[in-house]
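Numbering (the UniProt record's numbering), first residue to last: 1 to 444. Backbone N, C-alpha and C define an ideal beta-carbon position, used for all residues, glycine too. One structure is given below, encoded as structure tokens.
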Amino acid sequence: MSTYAFPILTHAEAARSLSQLQISTVKPEDLSRPTPDLVCSLYSDIVVHLDNSRDEWEHQVDFNALEGVENPESHWTAIRVLNLFSRVRWLVSSPTERIVPPFSMRDLIKPDPKRTAVFISALVNFCHFRMDKLELFRPIFDKMQSDAERQEDTEAKIAELNKQLLDLEESKKMEEPVVQQLEAEVRELKHTIHTLNNQQMSLQASFKALKGKSAELDNKISQVEFTLSETSKEKSELQAKIVHSPEKLQRTFEEKKLHRDEVQNLEREAKHKFQEKNAVIKVYSKAVKKISKHLEQMQALQEQVNRAKAIDKDFKALKAKISNEEMSDMTLEAKLSERKGKLEQLEELVKATQKERNLKLAEATRELDSVKVEVKAQLRELELRERRIEAMVAKTNATESQIKSVQESAANVHQQLHARYEELVNEFYSYSNSIREILESEGL
1 MSTYAFPILT HAEAARSLSQ LQISTVKPED LSRPTPDLVC SLYSDIVVHL
51 DNSRDEWEHQ VDFNALEGVE NPESHWTAIR VLNLFSRVRW LVSSPTERIV
101 PPFSMRDLIK PDPKRTAVFI SALVNFCHFR MDKLELFRPI FDKMQSDAER
151 QEDTEAKIAE LNKQLLDLEE SKKMEEPVVQ QLEAEVRELK HTIHTLNNQQ
201 MSLQASFKAL KGKSAELDNK ISQVEFTLSE TSKEKSELQA KIVHSPEKLQ
251 RTFEEKKLHR DEVQNLEREA KHKFQEKNAV IKVYSKAVKK ISKHLEQMQA
301 LQEQVNRAKA IDKDFKALKA KISNEEMSDM TLEAKLSERK GKLEQLEELV
351 KATQKERNLK LAEATRELDS VKVEVKAQLR ELELRERRIE AMVAKTNATE
401 SQIKSVQESA ANVHQQLHAR YEELVNEFYS YSNSIREILE SEGL
């Protein structure tokens, strides 16, 4: 079919082919004796079959052609015939110029059976050729349609994935304050833990120091108690001595007064004894002074004991305070362990959230990559289709230019025919006027 060769169909074959193609229903005997109305109707049906937009185009062309003509109702049929002539001539001239004779206006006005059979055969075979080519291109058209549907689905998936990505970004942005707050709480808890550890260490050190001081105070208190017991023993002994000595002295003085006269002889001995007693008194006075000193020391020791008791009381208070602080440390440790558990739970929750987000992001990225690959393939197919469409558009533009040239030639022919028609009408009027004048001059 590269040279568009075709067999010449008989009238019966042509009628059967036209009926099979659903173009028109004609009888073989009508094709053997074609009339102008039959061939015009038949050619119009074939043109409409080949080009579904022919009716609209034809009426538009007719309307445009009638705008430049006076009395357009008189030229309606002529313009339609001229349009049909140009269309059929364009269909049978290009591909079959070496086989089919040129199509002329005579083939529409006064059709010849043989030429009509040739033109009908050419057009019917071209219809079959067109149908075969369309069947070949039908898978491509179906694929293009399915590709278009797949492209719409892909675009919908891309839109959905973009929406999911936006939702993920929004959720990420919404969760950022919570994450930042959790991080701030974690940092605060870590700082609190560090501070509490430092306080615990300082309290332990102070507790150890207080234990050492309490041990020293216990030693001092035991020493003071031992010294106090010794001093009290000495004091009791001295008091016993001081109590017995004045009685003896008083009795001696009474005896001396009573027996002064009797013991004058013994004066020297008495003086000696008196001196001895004075020496004893001096000794006693010295002892009293020593005892007073010891009393002062005992008072000082008593004050030290009081201070020691106060220190012991303070120590007990500090010990109670330390126990309370230990209890508070235990409660703080419990709270700290609870906070650590919450912190671990929050860290696990953050890790799980980040892991889920990373999984969703990876899945979305994979789907996006697959969609990108499909879109690239679709774009390549669309580029090929655009190239084909551009070729078809170029071919259509060439066809339109040919149509315009045919229209212009038809318009020129129409103008020439119109001018010729007006000349014939004028000649007819002048001829009839001359005939009428001759008849009137001869009295007819």
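Which complete alpha helix (DSSP H) runs does the stretch 105 to 185 hold, if anything under 4 residues is left out?
106 to 109
Anticipated Cβ contact below 8 Å, residue 14 with residue 27, distance rounded:
Not a contact, Cβ separation roughly 11 Å.
I'd like to know whether the C-beta atoms of residue 116 and residue 48 end up nearer to each other than 7 Å.
no
Would you check if the distance between the CB atom of residue 119 and the CB atom of residue 105 is smaller than 7 Å?
no
Within the continuous alpha helix (DSSP H) that includes residue 19, where are the two ends?
11 to 20
What separation, rounded to the nearest whole angstrom, lies between the Cα atoms of residue 389 and residue 382?
10 Å
Selected residue, minimal CA-CA separation from residue 192, among 314, 160, 335
335
Are residue 11 and residue 41 touching if we call contact CB-CB under 7 Å?
no
CA-to-CA distance, residue 145 to residue 374, given in whole angstroms
16 Å
Cβ pair residue 103, residue 81 closer than 7 Å
no
Of the listed residues 347, 127, 189, 319, nearest to residue 445 (C-alpha basis):
Because the chain in this structure spans residues 1 to 444, residue 445 falls outside the shown range and cannot be described.
Residue 368 and residue 161: beta carbons closer than 7 Å?
yes
Exposed or buried, what is residue 55 when buried is set at 16 or more other beta-carbons lying within 10 Å of its beta-carbon?
Low local confidence applies: a pLDDT of 49 at residue 55 is under 50, so the model's placement there is unreliable, and no value is given.
How would you write the range of the alpha helix (DSSP H) that residue 28 sits in, first residue to last?
28 to 32
Should the stretch 168 to 178 be regarded as contacting the stretch 346 to 365, the criterion being three or more beta carbon pairs within less than 8 Å?
yes
Report back the beta-carbon spacing between residue 168 and residue 360 to the nearest angstrom; my notes put them in contact at under 8 Å.
6 Å
Determine the extent of the alpha helix (DSSP H) in which residue 37 is found, giving its start and end residues.
36 to 50
Where residue 431 falls, given that 16 or more other Cβ within 10 Å makes a residue buried:
exposed
DSSP state of residue 8, grouped into three classes?
coil
Run through DSSP, which three-state label would residue 438 get?
helix
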